[in-house]
């Protein structure tokens, strides 16, 4: 009888990384599905399939875990988006087509799970000063990363325009507000009438062109 070869175990550092990733993914899932109140450590532990001791080893505080989870997913997704735009064959970097596409891609980020996870935390922070204190610094750090990615989306010609920073803030705050309406009236986001308005305003600001694609 031939002995089975020994099972090769992953290095401890890799196992730790896997466990942490499972916990973060489970926390985002819990936030999106159950909201802040329902995203308890017990629920997250069950979704992640880890022991309570392991969960508490990585994240002693529930709020610390929820904030880390939402921001981890956001950083991953915007990093993927930045890489796509950095390598995409968008030759007309100064043209209106680049603007239209960047606005669409930016708008689609507000339909992602990490957006809803973040909004659950924002709403909870309104009446939870401890959560608010932790969230403010984390959101500032994420905001700086997002600014860099949005500049990549629009390309160097558009992002160097004197009016780009104001446009970016206007788009971001407006899209966030419109996205919140989808929590009570879900619909086809790519057909939202605001999309044409955002594109037209971005074109006027960055190229002086009037009008935009619907």
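In UniProt numbering, the protein residues as written are 1 to 214. All residues carry an ideal CB built from backbone N, CA and C; glycine is no exception. If you're wondering where the values come from, they're calculated on a predicted model, not measured in any experiment.
Residue i and residue j closer than 8 Å at C-beta
i           : j           : result
residue 39  : residue 30  : yes
residue 73  : residue 28  : yes
residue 32  : residue 142 : no
residue 168 : residue 112 : no
residue 26  : residue 47  : yes
Selection from the options that minimises the alpha carbon distance to residue i
i           : options             : result
residue 156 : 196, 99, 135 and 61 : 99
residue 146 : 42, 127 and 80      : 80
residue 105 : 128, 154 and 159    : 154
residue 127 : 36, 25, 97 and 26   : 36
Cβ-based burial, residue i [other Cβ within 10 Å; buried from 16]
i           : result
residue 23  : buried
residue 71  : buried
residue 84  : exposed
residue 202 : buried
residue 214 : In this predicted model, residue 214 has a pLDDT of only 44, less than 50, meaning its place in the structure is not dependable; the value taken from the coordinates is given anyway. With fewer than 16 Cβ atoms within 10 Å of its Cβ, residue 214 is classed as exposed.
residue 97  : exposed
Below-8 Å beta-carbon distance, residue i vs any chain C residue
i           : result
residue 171 : Included in the structure is just one protein chain, with no chain C present.
Residues of its chain near residue i, where Cβ-Cβ distance is below 8 Å and the 5 sequence neighbours each way are ignored
i           : result
residue 208 : none
Residues of its chain near residue i, where Cβ-Cβ distance is below 7 Å and the 5 sequence neighbours each way are ignored
i          : result
residue 82 : 149 and 152
Close-in-space but distant-in-sequence residues of the same chain around residue i (CB under 6 Å, 5 per side omitted)
i           : result
residue 159 : 151
residue 161 : 206
Does the segment 53–67 come close enough to the segment 126–145 that 3 or more CB-CB pairs lie under 8 Å? yes
Just checking, does the segment 110–120 make contact with the segment 175–185 on the three C-beta pairs under 8 Å criterion? yes
Do the segment 169–176 and the segment 193–205 touch if we need at least three Cβ pairs shorter than 8 Å? yes
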